[in-house]
Amino acid sequence: MPASVGGSDVSGIALRLIVGLASSRGGVVHAAPTGLEISVDRAAPLRAADNGFSDLRHQLVIADAATLTDAGVAASDRRRLVERLAEAGAVGLVVGVAVGPAPGAGLDADLRAAAHDHHLPLIELPEEHLPRFTTEVLEAILEHQTSMLRRLDDADRALVQIVLAGGSLDDLCERVGGFLDGAAMVTTTDGRIIAAAGSQHERDHATSLPCFDRSGRLLTESEPIGARLDGPTAGRVAVRIAAGQFDHGLLVAFCSHRCLTVDDVHLLERAATVAALAITKDQAVAAVESKYRAEFLRDALTGRAGSVADAVAHAQSLGWNIDRPMVVVVAETDEDDDRSSRDAEEVRFLQERFARAWTHAMAVRENRSPVMGFSREVVALVGVPAEADTDRIMRSVHDLVRVVRGDGGGGRRSFSAGVSRMITSPADLPQAYDEAQSAVTVGRQLHGHGALTHVDGLGVYRLLGLVPDGADLRRFVAETLGPLATDDLAENADLRRTLGLLLDTNLNVAETARRLFFHYNTLRYRIGKLEKLLGPFTTDPELRLALALALKVHRMRGL
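As structure tokens, this is what we get:
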């Protein structure tokens, strides 16, 4: 297997082939068979004037016995010479020796031992065959590299033609998979597959690998980019799809029956450039189409889409079906972009990526549901069975959210989502949109980042969330709960919990004591303490209502 990519555009030939040329000319090889698959893309003579060696990766060093003696200065220094060649990354050493009475007689035994100790393949060749052997090696390298460059050019033309002819990323993956005799996939930067092709066997092999999580996301955060060393991952390669400063994702190749080489990596890199062109073109077209789609969906959500019949017909022309039972789902990233250190362009790019994640997840589920990203949120109209209850609807939406989130990682942003009640007519979209917005906002305040909340789960919190000024709610809590509004004392949180359970049980002292695992008299003592702090709530229903509301406001975050 070739080592990592060096400076050349394509790899050279395997050292094994050079060993075959040497053997045909009476050469003797000292190397383990497992060390002969390394790529050789250069062959150069050892110069006696060299005082040190720089980068010799993928280079075969050729020397005659006299030059070796000069370069090593003395026989005792030859071990050091071999060590320096190995440290510089040379793939092998070819030595031309005078033909003696026995094979290898003309070569110092110390040199052979040093090559063995440093795992440097050593080839002894009759000195009279050295010039012709050198020519054959250079010709073989040149022929191989010319063939590889021609292959890359052919691939370039074929892939560019796909884009020019209006082909999709799936078509590009199909061609790449054919070139590499495997499977190819395009993923987003966080690992969601947006295009794939190859034989069913190769695709099944790829998706069974541990580089995919349970949701089918490629674990991009742990996948190295470029050529791999020998090992269990040598059958796959990932390269970035980049256009200017934007990273559009990865192009990944898989092969179940062979290791992918440096030449395969170069082909994949050229294919990634073409993929970037295709993605950029698709995004430009999608931006125009998205503008009209977004305008219609915004009109539908605000009740300005015309009659129901007109709205349904317009949606059908856009490939959407809104004439069925559905719920509105609103998703917002938990990060406050207004206070972010990111610039406006990066924020826009991240929001677009978030919207694409939802679009992809919805397309996997079924592709006739409207989903659109706006400046601050993503809105999806999710079709549901007419007989579905709230629990069934939330399970369905939870599965959708799970696909968007994956298993985390990959640079995914945390987000919260709100779900409306079921509607059966586009005329009810404005009300459902309002419900979903309330659910995502108040749900995040109640449950923190990553909340998924149905509007029916808000109860009175939905009304509290309508208060525009959080300062008013904070003052209400401070005035109603008094010292219990803060946690200045350790027992305050415990007293709030006791008060909350008393109110929940309608002042049933026995039931509250049972839930708190308190003795009855202990709870009576606490009730007296609470009344001293808050007033006679056991006899004043208005005060009880105010306290219950204050406790609920206290639970809300981000006020």
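Here the sequence shown stands for residues 0 to 558, where the numbers follow numbering that gives the first Met the number 0.
Using N, Cα and C, we set each Cβ at its ideal position, and we do this for glycine too.
From a predicted model like this one, the values you see are computed outputs, not experimental measurements.
Going by beta carbon distance, what residues of the same chain come within less than 6 Å of residue i, once the five residues before and after it are set aside?
i, result
"Val329", "Glu376, Val378, Gly417, Ala435, Gln436, Val439"
"Val466", "Leu472"
"Gly103", "Low confidence applies here, because Gly103 scores a pLDDT of 43, under 50, leaving its location unreliable and the question unanswered by this model."
"Leu510", "According to the sequence provided, residue 510 is Glu. The question's Leu does not apply to it. The answer, listed in chain order, is Thr504."
"Val370", "Trp357, Thr358, Met361, Ala379"
"Ala21", "Ile122, Leu124"
"Asn491", "Leu483"
"Arg24", "His128, Phe132"
"Glu268", "Val238"
"Gly176", "Ala182, Ala183, Ala196, Gly197"
"Ala304", "Asp298, Ala310"
Comparing C-alpha positions only, which one of the options sits nearest to residue i?
i, options, result
"Ala233", "Asp246, Ala205, Arg461", "Ala205"
"Gly95", "Leu129, Asp152, Ala108, Met555", "Leu129"
"Leu259", "Leu457, Val327, Phe178, Arg111", "Phe178"
"Leu45", "Gln58, Ile37, Val39", "Gln58"
"Ile192", "Ile140, Leu158, Ala252, Asp152", "Ala252"
"Gly405", "Thr188, Arg24, Arg131", "Thr188"
"Leu266", "Arg156, Ala283, Leu137, Met325", "Arg156"
"Val403", "Ala354, Asp427, Arg394, Ala431", "Ala354"
"Glu559", "Arg411, Val264, Val327", "No answer is possible for residue 559: it lies beyond the span of the chain, which begins at 0 and ends at 558."
"Gly197", "Leu168, Phe211, Cys210, Arg554", "Leu168"
"His256", "Ile240, Arg347, Arg235", "Arg235"
"Val381", "Arg338, Val346, Pro425", "Pro425"
"Ala183", "Ala164, Arg150, Leu217", "Leu217"
"His200", "Arg213, Thr186, Asp180", "Asp180"
"Glu530", "Arg514, Ser415, Phe516, Leu494", "Leu494"
"Asp116", "Met147, Leu84, Ala139", "Leu84"
"Ile321", "Glu288, Thr301, Ser368", "Ser368"
"Leu515", "Arg496, Lys528, Gly527", "Arg496"
Quick one: what's got a C-beta closer than 7 Å to residue i's C-beta in the same chain, skipping five residues either side?
i, result
"Leu317", "Arg292, Phe295"
"His397", "Leu451"
"Phe475", "Ala549, Val552"
"Thr423", "Pro324"
"Arg543", "Leu502, Phe536"
"Glu351", "Gly372"
"Ile224", "Ala237, Val238, Arg239"
"Gly499", "Leu550"
"Thr485", "Asn491"
"Asp455", "Thr389, Arg420"
Here's the rule: buried if 16 or more other CB atoms are within 10 angstroms of the residue's CB, otherwise exposed. What is residue i?
i, result
"Leu14", "buried"
"Thr145", "exposed"
"His518", "exposed"
"Ser207", "exposed"
"Gly442", "buried"
"Ala299", "buried"
"Tyr524", "exposed"
"Asp263", "buried"
"Thr186", "buried"
"Pro120", "buried"
Indicate the three-state DSSP secondary structure (helix, strand or coil) for residue i in the structure shown.
i, result
"Gly71", "Because the pLDDT of Gly71 is 46, which lies under 50, any placement of that residue in the model is unreliable, and the number read from its coordinates should be weighed accordingly. In the structure shown, Gly71 sits in a helix (DSSP, three-state: H, G or I)."
"Thr145", "helix"
"Gly456", "helix"
"Gly95", "strand"
"Phe516", "coil"
"Phe580", "With the chain covering only 0 through 558, there is no way to say anything about residue 580."
"Asp63", "strand"
"Thr570", "With the chain covering 0 to 558 only, the question about residue 570 has no answer from this structure."
"Arg235", "strand"
"Ile140", "helix"
"Ala211", "The question names Ala, but residue 211 is Phe in the sequence shown. It is a strand residue."
"Val28", "strand"
"Ala89", "coil"
"Met555", "coil"
"Leu267", "helix"
"Leu317", "coil"
"Ile161", "helix"
What does DSSP give as the partner residue(s) for residue i in the beta ladder?
i, result
"Leu451", "Ala416"
"Phe245", "Ala242"
"Met371", "Val378"
"Ser38", "Ala13"
"Ile192", "Thr186"
"Pro125", "Val96"
"Ala330", "Val377, Ala416"
"Ile422", "Met325"
"Ala438", "In DSSP, Ala438 forms no bridge with anything."
Which residues in the same chain as residue i place their Cβ atom closer than 8 Å to its Cβ, once the five residues preceding and following it in sequence are excluded?
i, result
"Gly592", "Because the chain in this structure spans residues 0 to 558, residue 592 falls outside the shown range and cannot be described."
"Ala242", "Ala275, Leu276, Ile278, Thr279"
Taking 6 Å as the cut-off, does the CB of residue i come closer than this to any heavy atom belonging to the ligand MN?
i, result
"Glu142", "This structure does not include the ligand MN; it has no bound ligands of any sort."
Taking 7 Å as the CB-CB limit, is residue i close to chain D?
i, result
"Asp109", "Absent from the structure is chain D; it holds one protein chain and no more."
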